[in-house]
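Beneath this line is the structure, given in structure tokens, with notes to follow.
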């Protein structure tokens, strides 16, 4: 059984920020846990509207006026996006044990400043008005401007989109591994993507199968990488079968790219350099290389060999966000790393064009914000302000302006470039209503396609499905509920005969640094092992169904 908390022997070695992240502590023994007799909410938010939500109703039957119309990814759990005052939260119905465990892990990762969705609450002790128990709820914050990968491919994107997503996932995986987080379920489905200039940034969504350690063994890291490669190839094949993938994309090649990019970045961040004592300039070169990759070096370990003829240098504390932290310090703008690089480059160009190289950069940055950045982003049409980040808008306007100037043979005023970009390019950000409908239909059809694993659990859930349908006929006051969608109202967190969830039955492979399986496998409900490759049958809309809840927060509604 997978351990669902941090081992006491290693807890003292963890970052203190993670140890003090939350009051929720899941136990190793599930039999010691009891369902609260009454509603119990542990939350990071003081939003009073949290307590007025219809917790006594199955999530699939919540009133339409509470729901946000956002594209959802395939999931074996019921997931809805809910308006809570001025906020939008993602609600996921799962068992109490899994909800508390995932909330605890997300809180720890957030305290370590890693790119994940923000956990808001875990809600347990839910019961219907008749006293029947309901599953617990994990609540996370809507990640504004982000999209799951299937929604991204529903739009007209560049042919290299798959490779750019893989590059973002490689950076995320390296950052998580450096922090000691073993994922156990790496895939495009369990990630949200934000545009980051000409690239993407990736955010972890589903931590259900993960574990946090002081550090990872090579076996743990390599298993995560091999699993990611297998899952990604299957997901891309599924996209190709739905004609959502450019014809020239090599699915296996893209999967291999993740492995190569991961190892290249891991090597750059962790390898030991060796050089002569009179080559100390190579230390600065190493640091500059890491800065170019978007990482700050807070500590370097330097030592000489016993004979004193060689100097060994290795980064010890490395943080992502070199450019974004610099821009934040200068302007107060909190943006993605590649966006920050582009904005800093424009700031440097502004400084040179105004002949102010001798002035303090902080003063120049204040003027650049007032004269260049703010007037530009104020021109974003109201209907697009929830669909594109200001920094991304500014970056794309700069690119559009350069193309216009190259075509015209002379410089183009910024205002003219903005108007041209708004009319010619910005409409591409709108997600077609038919695409939105297709995406959500696929999400509601998220049934695991391995009958050997889940047939018994689905049979046991049959009675719950009927109950869910009954709920949709009436609201809390007995009135008609207005045709609430019930496609997945009967979806439950599947359990085996011993009451263990899928997260409980997944084995801690290579937790002790053992051999990495040549082909990742998972355990079925009877303890058997099946290849993950068999899960991803090309052409199946359910191919990624056991990648849980990639859509905790997605495209903001306009």
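Numbering (my numbering), first residue to last: 113 to 670.
All residues carry an ideal CB built from backbone N, CA and C; glycine is no exception.
What you are looking at is a predicted structure, and each value in this text was computed from that prediction instead of being measured.
- Going by C-alpha positions, residue 224 is about 13 Å away from residue 231.
- Ranked by how close their Cα comes to the Cα of residue 166, the residues 194, 313 and 404 have 194 in first place.
- When secondary structure is reduced to three states using DSSP, residue 256 falls in the coil class, being assigned neither helix nor strand.
- Annotation for residue 232: the continuous beta strand (DSSP E) segment containing it runs 231-236.
- Within 10 angstroms of the beta-carbon of residue 414 lie fewer than 16 other beta-carbons, which makes it exposed.
- Remark: C-beta atoms of residue 482 and residue 476 do not approach each other more closely than 8 Å.
- Proximity to residue 550 across 396, 499, 354 and 371 peaks at 354, based on C-alpha coordinates.
- Measuring C-alpha to C-alpha distances from residue 504 to each of 356, 449 and 183 identifies 449 as the nearest.
- For residue 316, the enclosing beta strand (DSSP E) has its first and last residue at 311-316.
- Contact between the region 303-314 and the region 338-347 is absent: fewer than three C-beta pairs spanning the two stretches fall below 8 Å.
- Between residue 351 and residue 265, the CB-CB gap stays under 8 Å.
- Less than 8 Å separates the beta-carbon of residue 149 from that of residue 237.
- Shown here, residue 323 sits in a strand according to DSSP, grouped into three states.
- Contact between residue 234 and residue 250 holds: CB atoms are separated by about 6 Å, below the 8 Å threshold.
- Counting C-beta atoms within 10 angstroms of its own C-beta, residue 207 has 16 or more neighbours from the protein chains shown and is therefore classed as buried.
- In this structure, DSSP gives residue 240 a state outside helix and strand, which the three-state scheme calls coil.
- For residue 416, the number of other beta carbons within 10 angstroms of its own is below 16, and it is reported as exposed.
- With respect to residue 311, residue 280 sits close: the two C-beta atoms are nearer than 8 Å.
- Residue 295 and residue 331 do not touch by the CB rule: their CB atoms are close to 14 Å apart, not below 8 Å.
- Around residue 539, the same chain offers no residue with a beta carbon nearer than 7 Å, after the five sequence neighbours per side are excluded.
- When the five nearest sequence neighbours on each side are left out, the beta carbons in the same chain lying within less than 7 Å of the beta carbon of residue 530 are those of 488, 491 and 509, in order along the chain.
- By DSSP's assignment, residue 152 forms a beta bridge with 236.
- Under the three-state reduction of DSSP, residue 525 is assigned to coil, being neither helix nor strand.
- Under the DSSP assignment, residue 303 falls in the beta strand (DSSP E) whose first and last residues are 303-308.
- Here DSSP, grouped into helix, strand and coil, assigns residue 540 to helix.
- When beta bridges are read from the DSSP output, residue 147 appears opposite no residue.
- Beta bridge pairing from DSSP links residue 206 with 248.
- Membership of residue 193 in the beta strand (DSSP E) is indicated by the continuous run 191-196.
- With at least 16 other beta carbons inside 10 angstroms of its own, residue 292 counts as buried.
- In the DSSP assignment, residue 472 falls outside any alpha helix (DSSP H), carrying neither H nor E.
- Contact between residue 314 and residue 284 holds: their C-beta atoms lie close to 4 Å from each other, under 8 Å.
- Across the set 520, 511 and 521, the C-alpha of 511 shows the shortest separation from the C-alpha of residue 534.
- In this structure residue 254 is buried. Its beta-carbon is surrounded by 16 or more other beta-carbon atoms within 10 angstroms.
- The three-state reading of DSSP puts residue 216 in helix, counting H, G and I together.
- DSSP places residue 179 within a strand segment (E or B) once states are collapsed to three.
- For residue 362, the secondary structure class from DSSP, reduced to helix, strand or coil, is coil.
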